[in-house]
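Novice:
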Amino acid sequence: MSAVTPLLEGRGVTKRFGGLEAVKAVDFKVMPNEIVGLIGPNGSGKTTLFDCLSRVQAIDEGSVHFQGIDITRLKPHQVAHMGMSRTFQVIRVYRKLTLLENMQVSRQWRGENLWSQMRPSHKDVEERSRDLINFLRLEHLTNEPAGTLSGGQRRLLELGMALMPDPELILLDEAASGINPTLVEEIKDRIKTLNQEQGKAFLVVEHDMHFISDLCNRVYVLNYGEKLAEGTPAEVMENEAVIEAYFGS
Ligand code: ADP
Ligand code: MG
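Following this note's numbering, the residues of the sequence shown are numbered contiguously, the last one being 742.
1) What number of angstroms, rounded off, separates the C-alpha of Leu-500 from the C-alpha of Leu-642?
2) Using a threshold of 8 Å, is the CB atom of Glu-667 nearer than that to any non-hydrogen atom of ligand 3?
3) When burial is assigned at 16 or more other CB atoms within 10 Å of the CB, is Arg-588 buried or exposed?
4) Specify, as a first and last residue, the run of the beta strand (DSSP E) that Glu-502 falls within.
5) What three-state label does DSSP hand Glu-723 in the structure shown?
6) With distances taken Cα to Cα, identify the nearest neighbour of Met-577 among Asp-659, Ile-736, Gly-530, Leu-625.
7) Is Asn-688 near Ile-562, with beta carbons less than 9 Å apart?
8) With H, G and I counted as helix, E and B as strand and the rest as coil, what does DSSP make of His-570?
9) From Leu-567, Met-702, Thr-675, pick the residue whose C-alpha is nearest to that of Cys-545; which is it?
10) I need the DSSP call for Asp-563, collapsed to helix, strand or coil.
11) Secondary structure at Asp-666, three-state DSSP: helix, strand or coil?
12) Considering only C-alpha positions, which residue in the set Arg-548, Val-557, His-703 is nearest to Val-506?
13) What residues in its chain sit with their C-beta under 7 Å from that of Cys-709, if we drop five residues either side in the sequence?
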């Protein structure tokens, strides 16, 4: 048994929509400093599991722990304060606001220490926004309305907005879907840098197996709401049941 407390741990997570069991008794872990992939055919429950783990959906059975703390009944903003950020499958940016403004209106710092008693000053928020925009190499677009960005640039902005509160764990739903290959490389590179230089952990849903195998230490595969396989990207791609789920009739 490992002595390290998982950053995020779901045990027996179950979610039903009426008669449909969208997620069935899934055990799930993200360890500190890990990049974990979540894959599976369309409708296999990836977004629903995401929603359960980030507390956007109430779960019917099971539990979710973050940094060893039971968060099963907490609200999404409380979990965000503890250091978990997420993006959504459908991109959520304010199209009429500029990049800088989008960053500035994103969630404030998380609150774990004395400083959190004080609201960060406008100047600090602006500085952090600009630093992140530079980090994402979007500085030439700082004052453009977000509505003018390409899909990939919007994904990058969304990553930046998720990073504003300085989270420990970032959950990305469809991180690279429908994005031009150059920006996919850019997103991958930024995620790797955040992981290697700042120790940030990621949970990534993505269809593109190259994206997943380039980034992830471990992968979970869902099928009809159930965990079909888990392992390294190479292991799951050789798994007969996984191949059957993806390519079988
Ligand atoms: P994925 O992200 O893997 O494509 P989802 O988690 O979006 O899958 O969906 C899993 C299953 O749950 C699908 O059958 C989907 O139709 C169903 N589902 C998802 N959200 C809802 C909802 N709010 N109400 C009813 N059914 C839903
Ligand atoms: Mg989905």
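All C-beta atoms in this analysis are idealised placements derived from N, C-alpha and C, irrespective of residue type, glycine included.
All figures in this text were calculated on a predicted structure; none of them were measured in a lab.
Specialist: To lay it out plainly:
1) As a working note, residue 500 is residue 7 in the sequence shown. As a working note, residue 642 is residue 149 in the sequence shown. The straight-line gap separating the alpha-carbon atoms of Leu-500 and Leu-642 is approximately 33 Å.
2) No copy of ligand 3 appears in this structure; the ligands present are ligand 1 and ligand 2.
3) Start at 1 with the first residue of the sequence shown, and residue 588 comes out as number 95. So Arg-588 counts as exposed.
4) In the sequence shown, the residue the question calls residue 502 occupies position 9. 501-510 is the extent of the beta strand (DSSP E) around Glu-502.
5) Start at 1 with the first residue of the sequence shown, and residue 723 comes out as number 230. Note: Glu-723 maps to strand in three-state DSSP.
6) Here residue 577 refers to the residue found at position 84 when the sequence shown is read from its first residue. Ranking Asp-659, Ile-736, Gly-530, Leu-625 by Cα distance to Met-577 puts Asp-659 first.
7) Here the question's residue 688 lines up with position 195 in the sequence shown. Here the question's residue 562 lines up with position 69 in the sequence shown. Contact check for Asn-688 against Ile-562 fails: the beta carbons are separated by 9 Å or more.
8) Reading the sequence shown from its first residue, position 77 is the one you call residue 570. Residue state, collapsed to three classes: helix.
9) Position 52 of the sequence shown, counted from the start, is the residue given in the question as residue 545. Here the closest residue by C-alpha is Leu-567.
10) The residue given as residue 563 occupies position 70 in the sequence shown. Secondary structure of Asp-563 (DSSP, three-state): strand.
11) Taking the first residue of the sequence shown as 1, we reach residue 666 at position 173. In the structure shown, Asp-666 sits in a strand (DSSP, three-state: E or B).
12) As a working mapping, residue 506 is identified with position 13 in the sequence shown. Minimum Cα distance to Val-506 is reached at Val-557.
13) Mapped onto the sequence shown, residue 709 falls at position 216. Here the set comprises Ile-528, Val-529, Gly-530, Val-697, Pro-726.
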